[in-house]
Amino acid sequence: MAGIGFELKKLFDDSEDTPFGSAKALLFSTAVSIGPWFITATSLNLILLISKTIDLSRNNQILFMSTIFYIFIFSQIVTNAFQYLVTRYVSDCIFNKKIFKIKSAYIGCIKLVTIISFLLSMFFIKKATLSVGYKISFVVLFVSMSLSWITMIFISLLKKYKFILFCFFLGNFISVILGYVFLKYPVTFIKEDPTFWMLFSYTVGIFLNFIMTSMYIMRAFPGKEKNQFEFFVYFRGYFSLIVIGTLYIFGVWGHVFVNWFVGDSYILANVFLVSPVYEAAVFYGYCTVIPSLVYFATFLETKFLPLYKDYFNKLCVVGKYEDVKESLKALKQTLISEVLYCMELQLLISITCILLANIMFNELDMDTYLLDLFRVIVFGSYSSIFISILITLFLYFDLRFQAMVLASSMFTTGILFSYVFGKMGMSFTGFGFFLSSLLTFAVGVYMFYKLFDKLNYTIMFRQNFNYKVGGSFVKKISQLFNNRIYIVILIVILFLLGSAKAHAAYDSRGFNNVTGNNRDTMSPYDKEGYDINGYNRQGADRRGFNKVYWNIGTNSPYDYSGFNYKGIHKDTGKESDTRGFNYKHFNIETNSEYDKNGFTFEGIHKDTGREYDKNGWNYYGLNEQTKDYYNKEGWNFAGINRRGFNKDKYNVETKSEYDNWGFNYDGINKETGKEYDTRGFNYEHFNVETNSKYDKNGFTYDGINKDTGREYDKNGWNYYGLNEKTQDYYDETGWTFDGINRQGFNREGYNVWTKSKYDYANFDFQGINKNTKTRYDERGFDNNQVHNKTHTKYDERGFDYGGKNKDTGTEYDKDGWNFYGLNEKTKTYFDPSGYTREGLDKYGYKRGQRPKNFGVAPAVNRGRHSTAGTKKSGTKSSGGSGGYDKNGFDKNGIYRRGY
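Heads up, the sequence shown is in the UniProt record's numbering, so the first residue is 1 and it goes up one at a time.
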């Protein structure tokens, strides 16, 4: 900003003697400040406008813009962490008159950012359901965009701003031209979708822009390419600048990330989590604060920098105390007045945009939900841009603590508030970003006013200290990178990476099932005026269906093409038939009136004008010569042979290199790795082990026994061990085809499952339990899981062997007890009232039978006779109780049996 500011100062000074001089300065400021953003946005919209001329689907447009959006955001995140640190290093090089180091620092930054951005983009796009070409373009564009941000850091040191702007314009102009050429005249020998050519065109432009600016920087700065990573030493002493840059950029975009996870979002290509409505509101909101960027780069910078330089010169070099005070006073007045003016100007612009938005959104028939979002985001963007300005001002005075407070506040509150309001529903979306920006802005304004109270003391105090940069560790790291250790690191990471269905909020018609809004029009109606239920604003269906879903023409629930009122086909159960045609006879697979084979819905071929194409196939695959679905060579219309393989040896039926029987095109079985399967059959269903069409058990490949002529042999078993009589894998006596019973025992009494003489329930072959030495286990179940008392699969309380209750079907009965007396609610042996399953409290009393004086110690007469009488009386009472009932209670309701 300093370099730009000085250039602007020169332009404004010359404007007095030059016609339109101020306009030239303003134009220059606008171009440098927002030029890249504006040129990028313009070129992207032109490419999208061109794509609409070829009827590119809305989904593909969103895919393209989401790709750009992800690259734009995350490339900033990658580079913003280094931005302040590198800027500081370059500034010190200029101050210390070591310009020759700048070139090396630029090369080091380029190498570092290239490695990081390449690895991140490759790891991210790896699992995307996109073509290889699209993935490569994504990686190249991500790296190029990241390098462009780094290049912008060094631009302020150059004087050829016209050349810089020319590079931006030329790169994006070429993107638009290539986009037009590739979309209007697609390359036929490269099988790629239009979205690839759009991304490829834009990638070429951005890459060219980076190459031109980078080459100029390399020529402009002197010096040899040594110590390219010397700026690493600033990690010690100025690490806070990395933290500030990282926290700030996450604060700017954090609310978008949160909305992806808690808002109205869906996934594209298996990797892009997008929320088009919210992202559109954020983009429009940020556009409204462009005037503040321009003003800050012109009036604020041109007025501030001379005073800033004069203040530091007087404070640190030649000034007297009174001169310093006067200089600080002038600096303070200028800053406060200009910041306030900028705030007033931006507030007026923001309010104007909000008022005009209502008219514009209605004119464009855009959703009112987007309008509400836009209004909230505008105010959030207002606070956000001034947070950026305040952080820049704090860093001018090296007040890194204040800058870190602002960045930290914006990051933490942005994430927290966006999550809280996002969970509250769509009506509160955007309020998290607004409140976070407003709160952080308030903190920044407070610190800004406090800035000048002790500024003289702070700066003079720091002049007596030199920040210690470097250190043995970071110097070693710098030396290692200068020795190209990064190449080894990159190879290792690539090696590790090499060795090492999401929900959709919108249906295929573009409607959100929750809000009922259409993503194309951002309203409850699609482009044709129909809502999510297929009715227009008057409530009528144009296809002949009435509101009870009955088609009048066919007198059935379906129209003549077999689609119901929702557009669902009666055979496929989808919005298209088996050939890909929807209810309008438009093919959604080819996006034309022809199917993938060139036939219309009625079966007329576009080239021959009759029901057969030039190779003699009709639309449903019948061959004109053979009157069969395969031609003389054994291939069908789609180039598939009778086994399901195409000519590339890929099986389209199994979607693998193997057919339904596990053989590849060359007849190798995938399980055995040989020309026959586990039963000995080859791909022609001939058994190579028996040298016949039967396996060793006498069954054909299809399971027909040679003796019985049916699927079961004379003993009633089929080829995979199913018994004919029981229709189970066990016969009537409980044995399998291989001689294993239901408990896993063979006929010698050995359990093949547990590999011991006991089964999993600890019963042996004779049914004797290992623990109880009887035919029943501790709960009374035998080896067939039949209870000895109830003679059923359930015990007295209704629980089976596995602990599931027969009434509730769960592990707890209707009263909340499991089979061993644990309560479901309390997870103890007592219910919430303190009683066991048997109805006893912890002292052994039934409900309502505990004595009233329970727990009160009786008065004791310590005289001899009284003691003896008491003992005798107690003995008599005990003896006369008559024992206790089956629950342990005596006739007086006292629990006697113990607990």
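Ideal placement from N, C-alpha and C gives every residue a C-beta, glycine not left out.
What you are looking at is a predicted structure, and each value in this text was computed from that prediction instead of being measured.
Strictly by DSSP, which residues pair up with N59? DSSP, once it has assigned bridges, lists no residue as partnering N59.
Are the CB atoms of G285 and G422 nearer to each other than 7 Å? With respect to G422, G285 sits apart: the two C-beta atoms are not nearer than 7 Å.
Among residues of its own chain, excluding the 5 on either side of S437, which ones have a beta-carbon nearer than 6 Å to its beta-carbon? Answer for S437: G380, S383 and S384, listed in chain order.
Nearest-angstrom Cα separation, counted from F686 out to residue 904: Since the first residue shown for the chain is 1 and the last is 899, residue 904 is missing from the structure and cannot be characterised.
Contact between the region 266-281 and the region 124-139 is defined here as three or more beta-carbon pairs at a separation below 8 Å; is this criterion met? Flag = yes, the region 266-281 and the region 124-139 touch.
Span separating the alpha-carbon of L112 from that of Y396: Distance from the CA atom of L112 to the CA atom of Y396, rounded to whole angstroms, is 26 Å.
Taking the beta carbon of Y683 as the centre, do at least 16 other beta carbons fall within 10 Å, making it buried, or is it exposed? A residue is called buried once 16 or more other Cβ atoms fall within 10 Å of its Cβ, and Y683 is buried on that count.
What did DSSP end up calling W197 once you bin it into helix, strand or coil? In the structure shown, W197 adopts helical secondary structure according to DSSP, grouped into three states.
Length of the line joining the Cα atoms of S144 and V652: When rounded, the distance between both Cα atoms is 39 Å.
With 16 other Cβ atoms within 10 Å as the buried cut-off, status of M198: M198 is buried by the Cβ-count criterion.
Excluding the five sequence neighbours on either side, which residues of its own chain have a C-beta within less than 7 Å of the C-beta of K814, listed in chain order? Same-chain partners within the cutoff: D807 and T808.
S556 - partner residues in DSSP beta bridges: Partner(s): N551.
Which residue marks the beginning of the beta strand (DSSP E) containing Y266, and which one marks its end? Element bounds for Y266: Y266 to L268.
Going by the DSSP bridge assignment, what does L273 pair with across the sheet? Paired residue(s): I267.
Terminal residues of the alpha helix (DSSP H) in which C342 lies: Run containing C342: Y321 to E363, per the alpha helix (DSSP H) assignment.
What are the start and end residues of the alpha helix (DSSP H) that includes Y419? R400 to K423 is the span of the alpha helix (DSSP H), which, as asked, contains Y419.
Check whether K706 and Y720 have beta carbons under 7 Å apart: Cβ atoms of K706 and Y720: not closer than 7 Å.
Give a yes or no on whether the C-beta atoms belonging to G254 and G414 are separated by under 7 Å. Yes, Cβ-Cβ distance for G254 and G414 is below 7 Å.
Should the region 752-768 be regarded as contacting the region 717-734, the criterion being three or more beta carbon pairs within less than 8 Å? Judged by Cβ distances under 8 Å, the region 752-768 makes no contact with the region 717-734, as fewer than three pairs qualify.
Just how far apart, CA to CA, sit E675 and K647? Rounded to the nearest angstrom, the two C-alpha atoms are 20 Å apart.
Name the DSSP beta bridge partners of S240, please? DSSP lists no partner for S240.
Given a threshold of 16 other Cβ atoms within 10 Å of its Cβ, counted over all protein chains shown, does R747 qualify as buried or as exposed? Only exposed fits R747, as fewer than 16 other CB atoms lie within 10 angstroms of its CB.
Within a Cβ cutoff of 8 Å, which residues of the same chain sit near G516, ignoring the five residues on either side of it in sequence? Result list for G516: P524, D531 and I532, in chain order.
Inter-residue CB distance, G703 and N691 (contact presumed, cutoff 8 Å): At roughly 19 Å, the Cβ-Cβ gap does not stay under 8 Å, so G703 and N691 are not in contact.
What first and last residue would you give for the alpha helix (DSSP H) that runs through R375? Per DSSP, the unbroken alpha helix (DSSP H) holding R375 starts and ends at T368 to Y396.
Determine, using beta carbons only, whether I115 and V78 come nearer to each other than 7 Å. Not a contact, by the Cβ cut-off of 7 Å.
Is DSSP giving H255 helix, strand or coil here? The three-state reading of DSSP puts H255 in helix, counting H, G and I together.
Kindly indicate which three-state DSSP category K596 falls into: helix, strand or coil? Here K596 carries a coil assignment [DSSP, helix/strand/coil].
M447: which of T458, V405 and Y89 sits nearest, CA to CA? Proximity to M447 across T458, V405 and Y89 peaks at V405, based on C-alpha coordinates.
Can you give me the Cβ contacts of G616 inside the same chain, cut-off strictly under 7 Å, excluding the 5 residues immediately before and after it? Exclusion of the five residues before and after G616 leaves N623, E624 and Q625 as the residues of its chain whose Cβ lies within less than 7 Å of its Cβ.
In whole angstroms, give me the CA-to-CA distance for I740 and R779. Counting only the Cα atoms, R779 lies some 27 Å from I740.
Consult DSSP for Y457 and reduce its assignment to one of helix, strand or coil. Here Y457 sits in helix by DSSP.
Check whether the region 354-370 and the region 277-291 are in contact - that is, three or more C-beta pairs closer than 8 Å. Short answer: they touch.
Less than 8 Å between the CB atoms is what I'm expecting for V420 and G432, so what's the real figure, rounded? Contact holds; Cβ gap of about 7 Å.
Hey, could you find the ends of the alpha helix (DSSP H) I54 is sitting in? That residue, I54, is in no alpha helix (DSSP H); it is neither H nor E in DSSP.
Candidates I177, L141, M212 and F124, of which the one nearest N45 by Cα: The candidate whose alpha carbon is nearest that of N45 is I177.
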